[in-house]
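The block underneath contains the structure these notes are about, expressed in structure tokens.
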Amino acid sequence: MSTAAATAAAAHGSQFDTNTGISHAKLGTWAFLASEIMLFGGLISAYVILRSGSSHMAIPPRALMGVPLATFNTFALITSSVTMVLALAAIKENDIPKFARYIGATIGGGCIFLVVKAYEYHHKWEEGITISSNLFGSFYYTLTGLHVLHVTGGILLMLFILITGLRGAYSPENHERVEAAGLYWHFVDLVWVILFPILYLL
Amino acid sequence: MKDSHAHPGHGAGHDHGGPQSFWRKYVFSVDHKVIGIQYMITSFLFLLIGFGMISLMRYQLAWPSPPDDFDPEKLGMIRGTLAWLLGDRMEYGFMKPDFYNQLGAMHGTIMIFLGVVPLGVAAFGNFVVPLQIGAPDMAFPRLNMMSYWIYLVGGIVMLSSYFAPDGFPQSGWTSYAPLSVVAPPGQTIWCIAMIIIITSSLFGAINFIVTMLNMRCQGMSLGRMPVFCWAQLVTAVLLLVAFPVLEGGALLQLLDRVAGTSFYIPKDMMYGSTVFPAAGGGSPILWQHLFWFLAHPEVYVLLLPAMGVVSEIIATNTRKPLFGYKEIVGSMILIGVLSFVVWAHHMFLSGMRTSLANLFVTTTLTISVPSVAILTCLLLSLRGGAIRFNTPMLFALSFLPMFGIGGLTGLPLGFAPTDLHLHDTYYVIGHFHYVVAPGSLAALMGATYYWYPKMFGRRMNDTLGKIHFWMTIVPMNFIFFPMLFQGMHGMQRRLADPTLQWHNLPVQGWSVIMLFAVVTLAIGQIPFLFNFFWSLRNGEVVEENPWNSTTLEWACPSPPPHGNFLKEPVVFRGPYEYSVPGHKTDYLPQDEAA
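Structure representation (structure tokens):
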């Protein structure tokens with residue numbers, strides 16, 4: 130458990146001779162996700178409380194919300210989480226082309242999500258559900274907007290992982306960064322899995 | 002994320018990996034020690050700015066309105082200068098209520114988010130924690146550098162709101178909705194700056210948690226970590242979990258202000274003589290919940306590092322083991338947990354149900370138990386010790402009664418029935434300033450004297466330090482104790498001219514005394530500032546362990562080189578082995594093989 134080994138491990142990512150046995154990157158990612166949970170948790174609680182407590186939260190008819198499209202989007206995002214897992218498995222087998230394909234599929238899934246989301250925003254705005262039209266609109270655009278920012282950040286992160294991966298940055302011994310990026314991507318996916326029912330279905 | 006410069010065990014040659022440029026070494030440094038000192042100097046600057054603002058407000062409160070025989074032609078030197086400097090804001094040297102509100106909001110925001118928290122957590126935490134756990138640096142050095150620069154940008158953005166139309170934000174540091182939503186544009190900048198500052202402290206918190214969990218040296222189990230590190234660990238968790246909620250809340254307030262949403266705007270809210278143009282349906286109370294869910298843990302973010310500092314200084318200067326190490330650490334963890342379930346005691350007046358209020362009364366009074374346990378342990382640590390009354394010890398000793406007063410005056414605020422009377426009066430101001438100013442801030446000043454030799458290799462002058470101590474603690478008591486009288490008398494906070502309410506007149510005289518105390522306090526900081534800079538060149542040169550202390554930060558050279566330790570430290574025992582029978586000295590360092 131020496132610090133020299135810990136430092137060397139962090140620099141080369143080959144072994145995790147840290148006190149916890151978990152790499153800095155992974156532990157830091159978990160801590161970051163804890164704060165993200167509180168960020169979304171606070172906002173979602175605010176939505177739940179006002180939805181049950183405010184008498185002025187008019188819920189748009191389900192037809193206007195476009196549930197089939199949002200279901201497709203949920204499917205796209207969950208699929209991209211699966212390809213992320215497969216990408217990690219591929220790098221563990223040192224199969225770089227397979228890794229690149231799966232990371233590419235993950236990026237593709239994220240992009241499909243964003244394109245559909247953009248269409249949805251446009252459609253809802255036309256139908257009169259805007260950020261200032263009523264309380265539901267405010268929450269809808271704020272919650273999904275923050276989520277879209279996270280998806281965008283995730284896609285940029287995946288592009289970075291793809292480029293560094295093609296340059297040979299990762300190997301079966303050293304794929305902590307891929308794993309950390311995966312954790313983040315699964316989290317973004319999970320947030321949507323919560324947002325989808327509370328905004329579209331309930 | 003590991004920077005290539007930060008290899009351990011390279012000794013004094015900190016220029017390995019190529020010579021570092023001036024910018025790399027002192028400005029955009031990734032070394033936790035340089036970043037800690039940057040944080041320290043910056044937060045002292047913000048503390049001075051915040052103190053300047055409150056001095057101006059106390060001057061206004063001493064003589065709030067022109068006397069009957071006031072002659073606008075003869076303003077006198079002070080009023081003349083103020084009227085000349087601040088123009089309309091202080092016409093004839095008397096403060097406009099709007100400007101008073103602006104200074105009040107900025108004083109609170111600056112002191113808490115840009116002053117005391119960065120000083121206690123980021124400055125001393127950054128400098129001391131890696132040394133105390135025997136690590137070569139923080140876990141993510143570049144992220145550490147980013148936290149500092151994001152913090153600085155956030156601070157500058159916050160101050161830049163002065164140039165917005167109608168100046169600084171003026172809704173108080175609590176920014177209660179819906180007034181904050183309809184307030185002038187400065188409030189928008191407040192929201193943006195808060196989001197930036199919170200981002201910075203989130204990065205810092207992640208860094209601290211990973212560093213302490215992952216980078217302890219051989220033998221440094223969690224149960225052997227010094228109390229200061231434990232305090233920083235609990236604080237980091239509080240920052241990590243509580244701050245994002247306010248970040249979300251500030252985001253909602255920002256959208257209410259700029260995007261026409263109505264999270265905090267009730268239906269058909271009257272504003273002036275018109276209905277506020279928003280869809281409505283939101284709740285102003287929602288803001289209070291989101292805000293205090295952060296801001297009560299925040300109180301312990303202000304307090305815990307100070308408790309850690311006091312524990313270190315007391316153990317060193319009593320020359321005996323700290324009484325109840327496990328109890329202190331356990332109490333800190335308990336405080337951390339409980340601090341998340343007490344927030345609504347700030348909101349007894351918001352019309353909450355009595356049953357709900359009862360719940361929060363119970364949790365609030367429960368949290369005083371671990372606080373008292375820590376205070377008792379520190380007090381018992383003094384018993385039978387050979388106390389050295391040097392400057393850091395004076396600050397640490399004064400923390401005990403000052404925090405005691407701060408804590409005890411908090412009990413009537415935790416009880417809903419008494420709080421109804423005291424809420425929003427100067428009593429509240431007196432109470433929490435006792436905790437933060439002569440409590441936390443004074444302890445952090447003690448920390449400056451205590452760790453200065455480690456930072457710069459020289460000791461600060463003790464005589465000047467003692468002058469600074471007395472000229473800080475005595476005036477602070479003359480400022481904050483009268484606030485308790487004024488508050489119990491019913492004087493409300495946030496009034497530019499309390500004499501407009503006749504019931505405040507009998508206690509108005511205290512405000513004059515408080516102003517003189519403020520002036521004394523300001524003069525009392527001059528020896529400190531002089532001492533700080535003078536000692537850089539002229540202080541007594543010290544070896545690695547000037548206080549004959551046991552913890553690991555004293556096992557590396559003063560100042561520590563890049564990478565900190567000359568050889569990898571190995572820890573054999575707990576942190577406070579003083580006066581061990583049979584040992585040749587009265588201290589047995591953690592890294593000394595018995």
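Protein sequence lines correspond, in order, to chains D and G. Going by our numbering, the first residue of the first sequence is number 130, and it counts up by one from there. Going by our numbering, the first residue of the second sequence is number 2, and it counts up by one from there. All C-beta atoms, glycine included, are put in the ideal place defined by N, C-alpha and C.
Can you tell me which of the three DSSP states residue i falls into?
i, result
"G:M96", "coil"
"G:T275", "strand"
"G:Q103", "helix"
"G:Q188", "helix"
"D:R191", "helix"
"G:R538", "helix"
"G:V31", "coil"
"D:A138", "The predicted model places D:A138 with a pLDDT of 44, which falls under 50 and marks its position as unreliable, so this point remains unresolved."
"G:P9", "Any reading at G:P9 needs caution, since the residue's pLDDT is 39, under 50, leaving its predicted position unreliable; the model's value is listed next. Here G:P9 sits in coil by DSSP."
"G:Y579", "strand"
"G:Y265", "coil"
"G:G14", "In this prediction, G:G14 has a pLDDT of 37, which is less than 50 and means its spatial position is unreliable; what the coordinates show is noted afterwards. Note: G:G14 maps to coil in three-state DSSP."
"G:Q502", "coil"
"D:S143", "Because D:S143 carries a pLDDT of 40, less than 50, the predicted location of this residue cannot be relied on, and no value is offered for it."
"G:D4", "With a pLDDT of 39 at G:D4, under the threshold of 50, the predicted position of this residue should be treated as unreliable, and no value is reported."
"G:Q233", "helix"
"G:D587", "coil"
"G:Q39", "helix"
"D:F325", "helix"
"D:R306", "helix"
"G:V572", "coil"
"G:T426", "strand"
"G:Q219", "strand"
Report the residue from the options whose alpha carbon sits nearest the alpha carbon of residue i.
i, options, result
"D:E308", "D:W254, D:T212, D:I178, D:K253", "D:T212"
"G:Y451", "G:L48, G:I315, G:D167", "G:I315"
"G:V572", "G:P227, G:S512, G:M270, G:S340", "G:P227"
"G:L442", "G:A106, G:G224, G:V118, G:S30", "G:V118"
"G:V182", "G:Y93, G:Y272, G:A165", "G:Y272"
"D:A217", "D:T208, D:N202, D:R306, D:I292", "Checking the sequence shown, residue 217 of chain D turns out to be Leu, not Ala. Residue D:R306 is the option with its Cα nearest to D:L217."
"G:G386", "G:Y579, G:Q21, G:V122", "G:Y579"
"G:Q61", "G:F71, G:W85, G:F100, G:D70", "G:F100"
"G:H490", "G:F479, G:H424, G:G440, G:A438", "G:H424"
So residue i packs on residue j, CB below 8 Å; how close in whole Å?
i, j, result
"G:P454", "G:P570", "At roughly 19 Å, the Cβ-Cβ gap does not stay under 8 Å, so G:P454 and G:P570 are not in contact."
"G:P65", "G:D498", "4 Å"
"G:D420", "G:F349", "5 Å"
"G:L120", "G:L57", "Rounded, the Cβ-Cβ distance is 22 Å, inconsistent with contact."
"G:R494", "G:V429", "7 Å"
"G:D59", "G:L516", "Residue identity differs from the one stated: residue 59 of chain G is Arg in this sequence, not Asp. With 8 Å as the limit, G:R59 and G:L516 qualify as a contact, their Cβ atoms being about 5 Å apart."
"G:C378", "G:I329", "5 Å"
"D:G283", "D:Y313", "6 Å"
"D:L243", "D:T281", "7 Å"
"G:F47", "G:G187", "With 8 Å as the limit, G:F47 and G:G187 do not qualify as a contact, their Cβ atoms being about 18 Å apart."
"G:A397", "G:V311", "5 Å"
"G:N462", "G:G407", "29 Å between Cβ atoms; not a contact."
Whose Cβ in chain G lies nearer than 8 Å to the Cβ of residue i?
i, result
"D:T149", "L214, N215"
"D:F316", "Residues of chain G passing the Cβ test: none, with the nearest at roughly 13 Å."
"D:S300", "Neighbours of D:S300 on chain G: none; closest Cβ ~18 Å, over 8 Å."
Kindly list, in the order they appear in chain D, the residues whose Cβ is closer than 9 Å to that of residue i.
i, result
"G:F264", "A175, L179, L264, S267, F268, T271"
"G:V242", "A163, S164, I166, M167"
"G:I197", "Under the 9 Å cutoff, chain D gives no residues; its nearest Cβ is about 15 Å from G:I197."
Against residue i, what residues of chain G qualify as contacts under a CB-to-CB distance less than 7 Å, listed in chain order?
i, result
"D:G161", "A small fix is needed here, since residue 161 of chain D is Phe in this sequence, not Gly. Chain G residues near D:F161: I207."
"D:H185", "K268, G281, G282"
Chain D partners of residue i, CB-CB under 7 Å?
i, result
"G:V259", "Near G:V259 there are no residues of chain D at all, since even the closest Cβ is about 10 Å away, more than 7 Å."
"G:G249", "L168, G171, L172"
"G:L203", "S164"
Closer than 8 Å by beta-carbon distance: list the chain D residues that pair up with residue i, in chain order.
i, result
"G:E593", "Those within 8 Å of G:E593 in chain D number zero; the least Cβ separation is about 18 Å."
"G:F141", "H153, G157"
Just the chain G side, please: which residues come within less than 9 Å of residue i by C-beta, in chain order?
i, result
"D:I260", "L256, A260, G261, T262"
Does the beta carbon of residue i come closer than 8 Å to any beta carbon on chain B?
i, result
"G:L360", "Of the protein chains in the structure, D and G, none is chain B."
Subject >> the region 144 to 158 of chain D in contact with the region 260 to 273 of chain G per 3-pair CB rule at 8 Å >> reply: No, the region 144 to 158 of chain D does not touch the region 260 to 273 of chain G.
**OP:** Could you tell me whether the region 280 to 294 of chain G touches the region 173 to 180 of chain G, using the rule of 3 or more Cβ pairs below 8 Å?
**Re:** The region 280 to 294 of chain G makes contact with the region 173 to 180 of chain G: 3 or more CB pairs, one atom from each, lie closer than 8 Å.
**OP:** Decide if the region 146 to 161 of chain G is in contact with the region 477 to 495 of chain G; the criterion is three or more beta carbon pairs, one per stretch, under 8 Å apart.
**Re:** Output reads no: the region 477 to 495 of chain G does not touch the region 146 to 161 of chain G.
Original post:
Are there three or more Cβ pairs, one per stretch, closer than 8 Å when the region 188 to 196 of chain G is compared with the region 128 to 143 of chain G?
Top reply: Short answer: they don't touch.
Subject >> the region 387 to 394 of chain G contacting the region 306 to 321 of chain G, beta-carbon criterion three pairs below 8 Å >> reply: These segments touch.
Original post:
So does the region 243 to 255 of chain G actually touch the region 288 to 299 of chain G, counting three or more Cβ pairs closer than 8 Å?
Top reply: Touching, per the Cβ criterion.
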